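In full-length UniProt numbering, the protein residues as written are 1 to 784.
To start, the structure under review is shown below, and the notes come after it.
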Amino acid sequence: MTKNDFSNSIQEASSVVGKTWPLYSFVTSNPLSGYEGTPFKQAIQEAKKYTEAGTLPSGSMFHQAWEHGEIDRDIIRDMLEEAHLYQLPETYLGELESEVYGLSKNKSHELDRLLSKWLSVFMDEGLAEWEMPGKSKGFFSAWRELAIYDRELAIKSINEIPVTADEALASVLASYTPQEYLDIFKNHIAALPGWTGYIKYRMTANSEWQQKYPITLEDYLAVRLWIARQIDVKIVADNAVDEPSKFAELQYIWLKAWEKSWQNKLAGRLYKNLPNVEIAPGNKNSALAQLVFCIDTRSELIRRHVEAKGDYETFGYAGFFGIATDYQDPVSGLVRKSCPPILESAYIISETADTGKTKEFARYKKQKEDAKLLNSLLNRLKNMLPSAFGYVEGAGLFYGCKLLWRTLFPAHSTGNPFNSIDGHEGSCAPEIHHCGQDDANVETISTDEKISIVRSAFQMLGWKTFAPVVILAGHGSHSANNPFGSSLDCGACAASPGRHNARMLAKLANQPEVRVILKEKFDIDIPDNTFFIGAEHDTATEEIVLFDAEVPESHHRLIRSLKSDLIAIQQSAIAERSGSKEGALQEAYKKVGSWAETRPEWGLAGNASFIIAPRNLTKDIDLENRCFLHSYEWEMDEQGNFLESIMQGPMVVTQWINNHYYFSTVDNNKFGGGSKITHNVTGKFGVVQGNGGDLKIGLPLQSVNISDQEIFHQPLRLSVIIQAPLFRVEEILNKNKQLKSLIENEWIYLMVIDPLTSNQINRYQNNGEWTFIAFEKSDQIIAV
Numbered sequence: 001m002t003k004n005d006f007s008n009s010i011q012e013a014s015s016v017v018g019k020t021w022p023l024y025s026f027v028t029s030n031p032l033s034g035y036e037g038t039p040f041k042q043a044i045q046e047a048k049k050y051t052e053a054g055t056l057p058s059g060s061m062f063h064q065a066w067e068h069g070e071i072d073r074d075i076i077r078d079m080l081e082e083a084h085l086y087q088l089p090e091t092y093l094g095e096l097e098s099e100v101y102g103l104s105k106n107k108s109h110e111l112d113r114l115l116s117k118w119l120s121v122f123m124d125e126g127l128a129e130w131e132m133p134g135k136s137k138g139f140f141s142a143w144r145e146l147a148i149y150d151r152e153l154a155i156k157s158i159n160e161i162p163v164t165a166d167e168a169l170a171s172v173l174a175s176y177t178p179q180e181y182l183d184i185f186k187n188h189i190a191a192l193p194g195w196t197g198y199i200k201y202r203m204t205a206n207s208e209w210q211q212k213y214p215i216t217l218e219d220y221l222a223v224r225l226w227i228a229r230q231i232d233v234k235i236v237a238d239n240a241v242d243e244p245s246k247f248a249e250l251q252y253i254w255l256k257a258w259e260k261s262w263q264n265k266l267a268g269r270l271y272k273n274l275p276n277v278e279i280a281p282g283n284k285n286s287a288l289a290q291l292v293f294c295i296d297t298r299s300e301l302i303r304r305h306v307e308a309k310g311d312y313e314t315f316g317y318a319g320f321f322g323i324a325t326d327y328q329d330p331v332s333g334l335v336r337k338s339c340p341p342i343l344e345s346a347y348i349i350s351e352t353a354d355t356g357k358t359k360e361f362a363r364y365k366k367q368k369e370d371a372k373l374l375n376s377l378l379n380r381l382k383n384m385l386p387s388a389f390g391y392v393e394g395a396g397l398f399y400g401c402k403l404l405w406r407t408l409f410p411a412h413s414t415g416n417p418f419n420s421i422d423g424h425e426g427s428c429a430p431e432i433h434h435c436g437q438d439d440a441n442v443e444t445i446s447t448d449e450k451i452s453i454v455r456s457a458f459q460m461l462g463w464k465t466f467a468p469v470v471i472l473a474g475h476g477s478h479s480a481n482n483p484f485g486s487s488l489d490c491g492a493c494a495a496s497p498g499r500h501n502a503r504m505l506a507k508l509a510n511q512p513e514v515r516v517i518l519k520e521k522f523d524i525d526i527p528d529n530t531f532f533i534g535a536e537h538d539t540a541t542e543e544i545v546l547f548d549a550e551v552p553e554s555h556h557r558l559i560r561s562l563k564s565d566l567i568a569i570q571q572s573a574i575a576e577r578s579g580s581k582e583g584a585l586q587e588a589y590k591k592v593g594s595w596a597e598t599r600p601e602w603g604l605a606g607n608a609s610f611i612i613a614p615r616n617l618t619k620d621i622d623l624e625n626r627c628f629l630h631s632y633e634w635e636m637d638e639q640g641n642f643l644e645s646i647m648q649g650p651m652v653v654t655q656w657i658n659n660h661y662y663f664s665t666v667d668n669n670k671f672g673g674g675s676k677i678t679h680n681v682t683g684k685f686g687v688v689q690g691n692g693g694d695l696k697i698g699l700p701l702q703s704v705n706i707s708d709q710e711i712f713h714q715p716l717r718l719s720v721i722i723q724a725p726l727f728r729v730e731e732i733l734n735k736n737k738q739l740k741s742l743i744e745n746e747w748i749y750l751m752v753i754d755p756l757t758s759n760q761i762n763r764y765q766n767n768g769e770w771t772f773i774a775f776e777k778s779d780q781i782i783a784v
């Protein structure tokens, strides 16, 4: 058997798991992304075969939705009758609830335990003080040299183990046919989806750790299968893809009814605003300021409160602000992605001292470098065996007092309430250059590239007029003692704060040469008195911080007024979010500063829809933080190119986020992160439950549930609503088979509000047909 035969089967088998991103850049993604080319119903059935995971909501989840009125009785009744089920909905709900849910026994526990042990020591990224020997040779070779010292494997001589991974696979699989390889590989890759998902990430990210210490799925399978044979564990699993059970069919009917109920409810709300959408597109000339927020569902709340406070206009745009870039930390020099993972980074944003502030920036860097050195020293003292006990005894009093303070006064324990902003933004300016540029401090991109970035943003948003102040607000979050903290940052920026991109776009839009050409060539006239400012929205506390160090004196009065309003906006937004005005803001700061807080904020829990339309369609409607909102004016997009970009990029990313939350909810043990209470960080990149086992691949229980039994996130697939001519949307789908596949395979639902037919709302069917949604004057849906 040739190596190529193994490689092809391994490549195909790897689709059974998605990628697992590291904690420091935790990306919410579809754990079944390898199945997106197949129908959702088929995908979850096969995934269940290999992972033994729950892939549909449980009876208790449906019961909760039913009790809260989230499933329309007429819809579920009609769907049940279509399936020739004629009893009352409550009867079938009772059947769903009677099913016993519990953790299934892991038949390969010992094998999984041994593999997890070896993977954790090999893939460690600096947490362990003593490094596994021979790591630079790769996982299989390093394991082979040390395996003889593992008493559980009972290996007498290294010569018992083949020299290469390929030879080991050939040895173990000698008695199996090539037709059996695929199923064997799928079973063993799916056995530890967290670890194998992280191997997939390492292989594609080609990080510094992967370059130094390479590991592949072939290495993993070679070690796993050789150990399996050595400890007498079955190579071939006893599983098969059966037809969906009656119970699973019933679950799927209830899921579809739940989703359609939400779609009709949302369509009914939007129907009220359809007359406003018919107004000619354009922006208010009277707006004092315009604020651009990320499309993130958490922006929906703050946008309503901004608009209600004064003469302000808001827009929604993907939080990386159209700049496919990485960001280089000014102190550590580390580079991390700051755009969606589906995009290849073209640029790097770095920091240089602002004009006249060289000393301040140098002072900041020195302080950070000293703090980094001190932390490194303290960590070594804690982790090294000779000094660990003495360190604990000597520093115990200090740390005891610190823990007591953080316990009693969490709101005052973090210093700056913004952990993602440490003050250097006021003394430095962002610079942009191409990836691979030797001098990171020299802005090297051409004027044409700058214009392209700014123009795309304006045209994508449908911008026609500009206020005196334009705020570009990225977003980040803040929490203490939270391994999954990056999951609360910007999903469009690969779990990085969005301020770097926001500041960069603001700087480009302020450059005179960019404005001149935008006006001369593209009829985009930015008034001389318009100034762009980068900002960051803290989604945990609703605070908006402006990076306004370079604002001209002519705008100071307006900025002071805006800042005053932003304080009031923060208070009102927090009050609505918490359901209480009294002490709500203080409680928010207390939660983000508490080292014992399991839920600093809800993140994107509740997300269910993505709306691509003018703000007039959604303005003044409380969407309950459940909708991604992307500004779009179809009349300014004659060829549909901008809509196509939104559907290819943000729509796919929001589908990833939506499915990440869906699967983390329906089976938090297999697809989620389990309870935070027993989390332990391993290797600096991942979390395990307790003292070992598989890496957790999804969101913690506390991020999707109110309690162990009661869900907060409603596990519904993403419903996309676009206001654009129907024929244009069809053209885009016909050009992009992958997008069409996502919709026809029901990973995404699609509704289109067609302005050419009086904004008629149409729902896409997976057979390629469209169904018209009609309303009575009472806004009740009468036909679907």
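Glycine residues also receive a C-beta, built at the ideal position from the N, C-alpha and C atoms.
Keep in mind the model is a prediction, meaning the values are calculated, not measured.
Residue i bridges to which residues according to DSSP?
i: Val704; result: None, per the DSSP bridge assignment.
i: His434; result: Tyr347
i: Gly692; result: Gln689
i: Val331; result: DSSP, once it has assigned bridges, lists no residue as partnering Val331.
i: Leu291; result: Thr314, Ile471
i: Asn762; result: Val752, Phe772
i: Gln723; result: Ile753
i: Ala353; result: Cys428
i: Thr204; result: Paired residues: none, contrary to the question.
i: Asn659; result: Per DSSP, none; premise fails for Asn659.
Would you identify the three-state DSSP class for residue i, choosing helix, strand or coil?
i: Gln179; result: helix
i: Tyr312; result: strand
i: Ala280; result: Interpretation of Ala280 is limited by its pLDDT of 49, a score under 50 that renders its predicted location unreliable; the figure taken from the coordinates is listed afterwards. Of the three classes helix, strand and coil, the one that applies to Ala280 here is coil, per DSSP.
i: Ala613; result: strand
i: Ala237; result: coil
i: Tyr632; result: coil
i: Ile421; result: Its pLDDT being 49, under 50, Ile421 is placed unreliably by the model, and the measurement read from it follows with that caveat. Correct three-state label for Ile421: coil.
i: Met751; result: strand
i: Arg599; result: coil
i: Gln251; result: helix
i: Ala217; result: Note that residue 217 corresponds to Leu in the displayed sequence, not to Ala. In the structure shown, Leu217 sits in a helix (DSSP, three-state: H, G or I).
i: Lys256; result: helix
i: Ala174; result: coil
i: Asn8; result: helix
i: His713; result: coil
i: Thr654; result: helix
Could you check how far apart the C-beta atoms of residue i and residue j are, in whole angstroms? I think they sit under 8 Å.
i: Thr55; j: Ile71; result: Wrong, their Cβ atoms sit about 19 Å apart, outside the cutoff.
i: Glu97; j: His63; result: 6 Å
i: Ala596; j: Leu716; result: The pair is not a contact, with the Cβ atoms about 32 Å apart (cut-off 8 Å).
i: Ala324; j: Ser345; result: 5 Å
i: Val720; j: Phe712; result: No, Val720 and Phe712 are not in contact; Cβ-Cβ is about 23 Å, not under 8 Å.
Does at least one heavy atom of the ligand NAD sit under 6 Å from the Cβ of residue i?
i: Tyr149; result: Although the ligand NAD was asked about, the structure shown includes no ligands whatsoever.
Contact criterion: CB-CB distance below 7 Å. Does residue i meet it with respect to chain B?
i: Asp637; result: The structure shown has no chain B; it contains just one protein chain.
Looking at C-beta atoms only, is the number of pairs between the segment 17–29 and the segment 192–208 that lie closer than 8 Å three or more?
-> yes
Only counting runs of 3 or more residues, tell me where the beta strand (DSSP E) segments fall wholly within the segment 535–589, in order along the chain.
-> 544–547
Those runs of the beta strand (DSSP E) which lie wholly inside the segment 454–497 and span at least 3 residues = 469–476
What are the start and end residues of each continuous alpha helix (DSSP H) run of 4 or more residues lying completely inside the segment 13–100, in chain order?
-> 40–51, 59–67, 73–82, 89–98
Using 8 Å as the Cβ pair cut-off and three pairs as the minimum, do the segment 211–225 and the segment 161–172 touch?
-> yes
Would you call the segment 112–125 and the segment 688–696 touching, i.e. three or more CB-CB distances under 8 Å?
-> yes
Would you call the segment 227–241 and the segment 256–269 touching, i.e. three or more CB-CB distances under 8 Å?
-> no
Cβ pair count under 8 Å reaching 3, the segment 460–474 against the segment 529–538 = yes
Is the segment 766–775 touching the segment 740–754, taking contact as three or more C-beta pairs under 8 Å?
-> yes
Does the pairing of the segment 455–464 with the segment 516–530 give three or more beta-carbon distances under 8 Å?
-> yes
State whether the segment 663–675 contacts the segment 696–715, with contact taken as three or more CB pairs (one from each stretch) at a distance under 8 Å.
-> yes
Quick check: the segment 449–463 against the segment 296–308, are there 3 or more CB pairs under 8 Å?
-> no
May I ask you to verify whether the segment 483–502 touches the segment 323–339, counting CB pairs closer than 8 Å and requiring at least 3?
-> yes
Count the CB pairs spanning the segment 304–311 and the segment 479–498 that are closer than 8 Å, and state whether there are at least three.
-> no
Stretch pair the segment 554–568 + the segment 488–498: three plus CB contacts closer than 8 Å | no
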